[in-house]
Every structure is written in C-alpha cells, then in structure tokens.
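Chains as they are written, first to last, in our numbering: chain A, 1 to 277; chain V, 278 to 554.
The C-beta atom is built at its ideal place from N, Cα and C for all residues, glycine as well.
Given the structure is predicted, the values throughout are model-derived calculations rather than measurements.
Protein chains: 2
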Amino acid sequence: MRLIIGKPLGFCFGVKRAIDELEKALKKYGNIYALGSPIHNEEEVKRLKSLGLRLVESVEELPSQSIVFIRAHGTTPEVLKQAKHKGCTIIDGTCPSVKNAQEKARLLSEEGYEVVIVGDPNHPEVQSIKGCVSAYASVINSSKDVATFPNKDKIGVVSQTTQEEGALLSVVSALVPKARELRVYNTICKATLHRQEAVRKLAADTEGVIVIGGHNSTNTAKLVEVAKREGCDVLWIANPQEIDESWLYGKHIIGIAAGASTPDWLIKEVISLLSRR
Amino acid sequence: MRLIIGKPLGFCFGVKRAIDELEKALKKYGNIYALGSPIHNEEEVKRLKSLGLRLVESVEELPSQSIVFIRAHGTTPEVLKQAKHKGCTIIDGTCPSVKNAQEKARLLSEEGYEVVIVGDPNHPEVQSIKGCVSAYASVINSSKDVATFPNKDKIGVVSQTTQEEGALLSVVSALVPKARELRVYNTICKATLHRQEAVRKLAADTEGVIVIGGHNSTNTAKLVEVAKREGCDVLWIANPQEIDESWLYGKHIIGIAAGASTPDWLIKEVISLLSRR
Chain A
1 MRLIIGKPLG FCFGVKRAID ELEKALKKYG NIYALGSPIH NEEEVKRLKS
51 LGLRLVESVE ELPSQSIVFI RAHGTTPEVL KQAKHKGCTI IDGTCPSVKN
101 AQEKARLLSE EGYEVVIVGD PNHPEVQSIK GCVSAYASVI NSSKDVATFP
151 NKDKIGVVSQ TTQEEGALLS VVSALVPKAR ELRVYNTICK ATLHRQEAVR
201 KLAADTEGVI VIGGHNSTNT AKLVEVAKRE GCDVLWIANP QEIDESWLYG
251 KHIIGIAAGA STPDWLIKEV ISLLSRR
Chain V
278 MRLIIGKPLG FCFGVKRAID ELEKALKKYG NIYALGSPIH NEEEVKRLKS
328 LGLRLVESVE ELPSQSIVFI RAHGTTPEVL KQAKHKGCTI IDGTCPSVKN
378 AQEKARLLSE EGYEVVIVGD PNHPEVQSIK GCVSAYASVI NSSKDVATFP
428 NKDKIGVVSQ TTQEEGALLS VVSALVPKAR ELRVYNTICK ATLHRQEAVR
478 KLAADTEGVI VIGGHNSTNT AKLVEVAKRE GCDVLWIANP QEIDESWLYG
528 KHIIGIAAGA STPDWLIKEV ISLLSRR
C-alpha cells in the first residue's frame, strides 16, 4: 500500500503557538486552568491533562488567583474582565488570526456598520468575535439565512477564520442587495484554505483518504466534507484504533490528511502503523 | 387585444430632471451644445434639436463662451475643466445617482482602495465615473473577468447605476478571495431595478411584451434581455413605425414596457396606436 501525505497537514501556526505557550506555562506553574477545551482533539487533551492541565467550562468555576489559559479560539472581553477580577493570571493563546477577526468586528461596529459574522453560531471562536462587538452582531451560516435579514444602510462582514470560502462568498453575494454599503474583511485563515486544497488534491490522486482529527473539530469535519464532495471514499479517525480494516481492503493508494487541531505525534502514529502493513 | 402597461415605465427621475433642465435652458438661451447625445433615444433627440440643441462629440468642438449641457451620464472633471477654460457656461444634467457613484469611487480611491467599476467600459457613465478616480480604476463587466484580477490589500467597488444586480453580485462574490478588505457601494439605481422587475412581471402575465426604447439604449437592451430570459416573446421598437404586424398576430394580451430614456410622448403614441386596433 502506498501512502500520500497531504501538505500542509496537522497543527496550523495558531494552534501550534497556543499549545507551545500552554506547555511552557505548565512547566513553569504546574497547574493551569483552561477555559473550555484548549483544542478539539481528545488525544492531545489527555496528554496535556497528564502535564497538569485542568478543564473548566465557565469563569465561575475558576479558583481565584489561578493561572488561566485562553485557547486559540479566543474569548470575550467580558470573560477576561471577570477572570482578572478574580485575580487570575492570563496566558493568552488566542490565535493572531482570530484576534484580527475580533478587531475587525469591533472596528466595523464602532464605525456604525451592522456587523455580520459568517460562521457557526455555536462555535467558541464565533462567540469570542461576537463578544468583541459592543452593539448587536448577527451570525449567519449560509446564504439561505440572508433572505430574512433586514435592509441596512451599512453592513460589515467578518468571517469565522475556519470558514469554507464558498460559504463566505455566497453570503456576501446575498448581502449586496441588502445594503447601500457593504464592507467585507475576509478573515478566513489561509491555513484552513491550504488544508482544504491539500485534501482536494489527495481526493483526486488516491483511492481513498484518511482524515485524522477529533470528531468534535469543525475544521476536520470541513476536510471530510470537502473530500466527500469530490466523490472521494473517506475514513475519519480520531486515533489509530479507529482505522477500519474493511475500509483499507483492496485500496493501493491512500491519502493522509489531518485537521489543524491534530497533533504531529498522532499523525506520526497513524502513518507508522499504516507503513508497517 | 388587451394591453397591460408595466409600472414603472419610461423616464426615470434622473433623465426627467436632466431633460427638464435642458428644455428650460433651451427656452432661455436658444442654442445649447450637448457634449455627446443627451439621451439614448433618437426620437427625443430629434425633438430637442428642433428646439435649438446642437450635438458635439468632444470638448474641442465646443465654441468658446457657449452654453454646454452635461447629460445624465455625467462627465469627467477634466472635461469640465477644459470647457470652463473655454469660458463655457455649464448646465449640469448629471443624474444624482451617477454623481453618488462618482463621489463614492473618488472616496474609495482617496482612502487607498483599488477601485473596480462594475459596468460596460464603453458606456459614457462608466467613463465619467472612471474619470473621477485620480489613480487607476478597473472596469469589470462580468465575474469571468475577475479571474485575471490581481490580489490586492483593499478593493473598493462601485457599479454603473444601470447595471443588472445579478452581475454586481457575481463580480463581488468573485472578488472576495482577491482582497483582505472589500468595500462595496451598491450604486445601482432602484429605478433600473424597478423597471426590470416590472418587465419580469409583464413577461409572466402576457403573451408577449413590446419594449419601447432606443436601440442604442443600454437600459432598454437590459429590459429586452430580462424579458427574453423569462422565455417571453419580445418586440423591441424605437418608434411606432417599428410595430410588426406579424408579431402582433394571434396575441390577445400584450405588455408594454419602456426604458428609462424613453419619453412619455413616445410611449403614449405607441399605446394610442395599439388601443385603436
């Protein structure tokens, strides 16, 4: 069996930076509280917990004076204020691309634009961007949702950084007739686009693609979606134990892709296991 | 035969305003020089010529000290400067919607955006908008032309006021991946949209639509295009003499539409002729 490894794959710059910061802080302080799972990958979370990471879901659960890690998805100014009020020390792992989207949303709001965030309303990154807008901000996931959007003088758009470009394009296009002025910051992270392009290429060049990544990871789910749309046979695994023998059967060329939240060590484990066959 | 008259039809606000200004000036001064045909309708131009209008194609042909009429499509600051230099008096018939598009294009350019005008590069309105941008401005007529457009930091978009909305939407959508920031002023005039909606409705409700308007009028051509796209049998006439008997034969319900540059008196002539049948 021949393996073709997609390029790029695995940790993007923002996730790598956040996890590096977190590991450094764990070595320095021992115990760190993460507000929400620091990464959508259970295997990596297990490893970080073994180094002293503790997970809490809300700012209320944070012990006062504790060391708090803000994940790559970012958080709202309100949460930061509450954590500081408790005397916590902040280790900020917010991805620079997310920070940029937060700043652009804030800027648009300050300049009187009706802010629209193109993304998943339940995703923590989108919630962190929304929290940076002092006025109301709408979250729109698809051009279908634009039909009921009211006409406005000025509409300002930012995107979830891991959004598929096609979705942003169609929402923007649908918003043009709704405003006299439409200002769009394309805050999609190139890392996401490049991983999607890589998987599209793998789909064309192989008999099937294994996508490695947490089942709760949006960007991994998007890779699976992109590959399936290309008519590709896809196997989505969170760890080497999920490799399905019957799926492998009869395939001679297999592609390997991995989400931006999939750690290198996990990718290596899967590749090494498959190479030995 | 039953006639259904589309609503709205004929002169839009901007054209009516320009022609009213011109007639007032003709009464006051006798002879007026128009820089380019004041309206894309030969019948109306004939009538205005009989009142003292003279047509010139360039500023060089203008006699010094003459009275000059600027048509609804507008002109460039450079042409205005040259006319003033010749001691000419300017009667400005530029449509307020075109003035708005000119100002928005200038503003975008001043704020460092790469300016894109969505429209027909040969149309005088587009040339007047382009002339208001001190830096370079690109004219794009369809999303296909965007493929070769280079990536830019900031792209600013305005539209020819008589552009079809679908074309603007698809160009904007194609430009999203080309810029980190995209700022769109939707300068399409509602009068154009409303006439297109009216003809779409006529196409559904009748056995055929007669579109009245000059064969050199872009907005009339767009009405014909919209009706044809709806699968409608269309007859495009510039004057009552062009009514085609064989086209009328066997039709019981006919719709009447007219471009924004078609004068009321011409529409009335056609309706009165058809009503007598």
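9 angstroms Cβ cut-off: residues of chain V touching residue i
i	result
A/Ser-170	Ser-450
Cβ-based burial, residue i [other Cβ within 10 Å; buried from 16]
i	result
V/Asn-428	exposed
V/Tyr-390	buried
A/Pro-77	exposed
A/Arg-276	exposed
V/Gln-518	exposed
V/Ile-530	exposed
A/Arg-71	buried
V/Asn-318	buried
V/Gly-527	exposed
V/Glu-334	exposed
A/Ser-217	buried
V/Ser-450	buried
A/Gly-123	Correcting the residue identity first, residue 123 of chain A is His in this sequence and not Gly. Burial call: buried.
A/Ala-83	buried
A/Arg-183	buried
V/Thr-425	exposed
A/Glu-300	Residue 300 of chain A is absent from the model: chain A starts at 1 and stops at 277.
A/Arg-2	exposed
A/Lys-104	buried
A/Lys-222	buried
A/Ser-272	exposed
A/Gly-255	buried
A/Gly-6	buried
A/Gly-10	buried
V/Ser-419	exposed
Under 9 angstroms by beta carbon: chain A residues contacting residue i
i	result
V/Pro-454	Glu-165, Leu-168, Leu-169, Asn-186, Ile-188 and Leu-193
Among the options, nearest to residue i - alpha-carbon criterion
i	options	result
A/Glu-64	A/Ile-90, A/Gln-127, A/His-73 and A/Val-45	Note that residue 64 of chain A is Ser in the sequence shown, not Glu. Cα-wise, what sits closest to A/Ser-64 is A/Ile-90.
V/Ile-281	V/Ala-475, V/Thr-425 and V/Leu-543	V/Ala-475
A/Val-59	A/Gly-52, A/Gly-87 and A/Val-226	A/Gly-87
V/Glu-507	V/Gly-536, V/Arg-477 and V/Ala-515	V/Arg-477
V/Ile-296	V/Met-278, V/Lys-284, V/Pro-285 and V/Lys-326	V/Lys-326
V/Leu-332	V/Leu-357, V/Gly-491, V/Pro-315 and V/Ser-343	V/Pro-315
A/Val-126	A/Ser-159, A/Tyr-185, A/Gly-213 and A/Lys-81	A/Ser-159
A/Thr-220	A/Gln-163, A/Leu-248 and A/Ser-272	A/Gln-163
A/Ser-246	A/Val-234, A/Leu-108, A/Asn-239 and A/Ile-256	A/Val-234
V/Asp-541	V/Pro-285, V/Leu-384 and V/Met-278	V/Pro-285
V/Gly-350	V/Lys-358, V/Val-356 and V/Val-375	First, the residue type needs correcting, since residue 350 of chain V is His and not Gly in the sequence shown. Of the listed residues, the one whose Cα sits closest to V/His-350 is V/Val-375.
V/Arg-324	V/Glu-502, V/Leu-299 and V/Glu-338	V/Leu-299
A/Ser-109	A/Val-157, A/Ile-188 and A/Val-226	A/Val-157
A/Asp-92	A/His-85, A/Phe-69 and A/Cys-232	A/Phe-69
V/Ile-344	V/Ile-417, V/Leu-312, V/Ile-520 and V/Leu-551	V/Leu-312
V/Gly-490	V/Glu-502, V/Val-503, V/Ala-504 and V/Trp-513	V/Trp-513
V/Ile-432	V/Arg-457, V/Val-416, V/Thr-438 and V/Ser-420	V/Arg-457
V/Glu-338	V/His-492, V/Val-356 and V/Asn-463	V/Val-356
A/Leu-107	A/Arg-195, A/Leu-274, A/Val-224 and A/Tyr-185	A/Tyr-185
V/Asp-430	V/Val-453, V/Leu-328, V/Asn-418 and V/Lys-505	V/Val-453
8 angstroms Cβ cut-off: residues of chain V touching residue i
i	result
A/Ser-183	For the sequence presented, residue 183 of chain A should be read as Arg rather than Ser. Those within 8 angstroms of A/Arg-183 in chain V are Glu-458, Leu-459, Arg-460 and Val-461.
Test: residue i CB closer than 8 angstroms to a CB of chain B
i	result
A/Thr-220	The structure shown contains no chain B; its protein chains are A and V.
Check whether the region 443-455 of chain V and the region 387-401 of chain V touch, using three or more Cβ-Cβ pairs below 8 angstroms as the test. In this structure the region 443-455 of chain V lies against the region 387-401 of chain V, because at least three pairs of beta carbons, one per stretch, are closer than 8 angstroms.
Can at least three beta-carbon pairs, one atom from the region 200-208 of chain A and one from the region 471-489 of chain V, be found at a separation below 8 angstroms? The region 200-208 of chain A makes no contact with the region 471-489 of chain V: fewer than 3 CB pairs, one atom from each, lie closer than 8 angstroms.
Does the structure place the region 302-315 of chain V close enough to the region 29-43 of chain A that three or more beta carbon pairs sit under 8 angstroms? Result no; under three Cβ-Cβ pairs closer than 8 angstroms.
Report yes or no: do three or more beta-carbon pairs, one from the region 403-413 of chain V and one from the region 131-148 of chain A, lie closer than 8 angstroms? Because the criterion of three Cβ pairs below 8 angstroms is not met, the region 403-413 of chain V and the region 131-148 of chain A do not touch.
Entirely enclosed beta strand (DSSP E) segments - the region 337-366 of chain V, minimum 3 residues: DSSP runs (the beta strand (DSSP E)) wholly in the region 337-366 of chain V: 344-347.
Complete runs of the beta strand (DSSP E) confined to the region 173-252 of chain A [at least 3 residues]: Counting only runs of at least 3 residues, the region 173-252 of chain A fully encloses the following beta strand (DSSP E) elements, listed from N- to C-terminal order: 179-185, 208-212 and 234-237.
Using 8 angstroms as the cut-off, can you tell me whether the region 259-268 of chain A makes contact with the region 1-16 of chain A, which would need three or more C-beta pairs spanning the two stretches below that distance? These segments touch.
Report the start-end ranges of each alpha helix (DSSP H) in the region 85-118 of chain A that is 4 residues or longer and not cut off at the edges. 96-110, all fully within the region 85-118 of chain A.
Unbroken beta strand (DSSP E) runs of length 3 or more, entirely within the region 5-37 of chain A: which are they? Counting whole runs of 3 or more residues, the region 5-37 of chain A contains the beta strand (DSSP E) stretches 32-35.
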